[in-house]
Amino acid sequence: MNRSRFAWTTALMLLALPGEGSAQAASELANFTQIISGTEIEIEWSRPSLRGREVIFGRQIPWGEVWTPGANMATTIRFSNDVVLSGTPVPAGHYSVWLRVLETEPWRLALHADTVLPHSAHPPIDEAVLHVGVERARTEDIQESLEWDIDRIRIDGAELVMHWGRDRVSVPIEVDPGITLATPAEEALPLLGDWLYDDSPSLPTAEQIERFTGGNSDDPTARYFEVMLSEPRPRPIRIERDEESGLLRFVDVLNEEAEAAFYSAEGEEPVVIYGQALLPRGPGFFAVAGTFGGEVSAVNPRFAPIVEFEFGEDGRAVSFTVRNPNDEVAGTGVRPGG
108 MNRSRFAWTT
118 ALMLLALPGE
128 GSAQAASELA
138 NFTQIISGTE
148 IEIEWSRPSL
158 RGREVIFGRQ
168 IPWGEVWTPG
178 ANMATTIRFS
188 NDVVLSGTPV
198 PAGHYSVWLR
208 VLETEPWRLA
218 LHADTVLPHS
228 AHPPIDEAVL
238 HVGVERARTE
248 DIQESLEWDI
258 DRIRIDGAEL
268 VMHWGRDRVS
278 VPIEVDPGIT
288 LATPAEEALP
298 LLGDWLYDDS
308 PSLPTAEQIE
318 RFTGGNSDDP
328 TARYFEVMLS
338 EPRPRPIRIE
348 RDEESGLLRF
358 VDVLNEEAEA
368 AFYSAEGEEP
378 VVIYGQALLP
388 RGPGFFAVAG
398 TFGGEVSAVN
408 PRFAPIVEFE
418 FGEDGRAVSF
428 TVRNPNDEVA
438 GTGVRPGG
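Just remember that our numbering sits 107 ahead of the position in the sequence shown, which is counted from 1.
Rendered as structure tokens:
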């Protein structure tokens, strides 16, 4: 090979080699999908990093700018079904996501129909499919790379969260849960009040607890059942209705104490975040749903336990039976004093 051809070939090889800064993209592509009660929510974005910059908004991103919360191409979001975003209905579809960042006023989130826009497009916010005000919060922790997430997932919604640096924006999302959550006040009234509940059929034996926990008395499951088995059956519970949401709840003090023992080690402040609610399925029939932070978080109508109430001549509920999906009795309840 002559010298000129060698030099030319070497130059091509050098051009083909990655430079030190291009071994990976400066803002890597990320996405995630979350399904809530059959509604699929998918977000795709590129993840810019702080790279030593303590303040982004008001400097690199000027106040008042319409900015895509990401990098490279515009961040996009897709809803498989209609949703409600911060109180505003959003048709199912694919959208690009933009934020108008403001120094002293609430930021504004905008969804645009055009999903193939560069991050530098800065489309006018009043041309968006919708734009809503969102609250920006300052956090103690610093998020190095821009992150999107779905938080506080419930059966009927969640919070869409963007976090970068010390700035965190959350947007409430509502979806159709596919099941009625609220019980009208007139239907709930005959059920409310004090009950004596016997859940003996669903309690494990000492041998089963031993097998679950390996004999470790400090195992969270062991702590839970130590509390749950500390009272004779039947035991007192209440059924109450939340006036704002219309949700019927089991108020079970013993179970709350057992939950606190499960989630809180000795010496820690007890934390109770889980509970149970009753969702109407028909006259006198309710599905048992799990709650998280007071909101319905999980229920599968096909597999949830069913509560059936019996009523006296005056229309007031006098007893109930809890049945598992296989129709086995899990518990029974009666009014105190018969």
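All residues carry an ideal CB built from backbone N, CA and C; glycine is no exception.
Boundaries (first-last residue) of the beta strand (DSSP E) holding residue i
i    : result
V429 : A424 to R430
T398 : F392 to F399
F357 : L355 to V358
P443 : Segment: none, P443 is in no beta strand (DSSP E) and carries neither H nor E.
V282 : Looking at the DSSP string, V282 is not in any beta strand (DSSP E), and its letter there is neither H nor E.
F186 : T183 to F186
L336 : No beta strand (DSSP E) contains L336, which DSSP labels as neither H nor E.
I62  : Here the chain comprises residues numbered 108 to 445, so residue 62 is not present and cannot be evaluated.
Own chain residues within Cβ distance below 7 Å of residue i, not counting five before or after
i    : result
A220 : Y202 and V236
I344 : W302, Y304, F357, V358 and D359
A130 : With a pLDDT of only 35 at A130, under 50, the local geometry of the prediction cannot be trusted, and no value is derived from it.
Beta-carbon proximity list for residue i, same chain, < 6 Å, skipping 5 on both sides
i    : result
G382 : T398
T246 : R273 and R275
E435 : none
T182 : W152, T175, P176 and V204
G419 : V425
R423 : P297
A217 : W205, I232, A235 and H238
V441 : L303 and S426
E149 : T140 and R185
F410 : P432
Helix, strand or coil at residue i according to DSSP, with G and I counted as helix
i    : result
N138 : strand
Q383 : strand
L298 : helix
P327 : helix
F410 : coil
E317 : helix
D233 : helix
S309 : helix
A244 : strand
8 Å CB neighbourhood of residue i in its chain, flanking five on each side removed
i    : result
S307 : R340 and G438
For residue i, the residue or residues it bridges with in DSSP
i    : result
F416 : F427
D256 : V268
P196 : V191
Y370 : Note: Y370 sits in no beta bridge, so no partner.
Quiz item: Any contact of the stretch 357-366 with the stretch 291-298, i.e. 3+ C-beta pairs under 8 Å?
Solution: In the pairwise beta carbon analysis, the stretch 357-366 is classified as not touching the stretch 291-298: fewer than three pairs are separated by under 8 Å.
Quiz item: Do the stretch 382-392 and the stretch 404-423 meet, that is, are 3 or more Cβ pairs less than 8 Å apart?
Solution: Yes, they touch.
Practice problem: Count the CB pairs spanning the stretch 281-292 and the stretch 250-259 that are closer than 8 Å, and state whether there are at least three. | Solution: With a cut-off of 8 Å, the stretch 250-259 and the stretch 281-292 do not count as touching, because too few Cβ pairs lie within range.
Quiz item: For the stretch 203-219 against the stretch 164-178, are there 3 or more C-beta pairs whose distance is under 8 Å?
Solution: Touching, per the Cβ criterion.
Exercise. For the stretch 184-204 and the stretch 314-334, state whether three or more C-beta atom pairs, one from each stretch, are separated by less than 8 Å.
Key: No, because fewer than three Cβ pairs between the stretch 184-204 and the stretch 314-334 fall closer than 8 Å, the two stretches do not touch.
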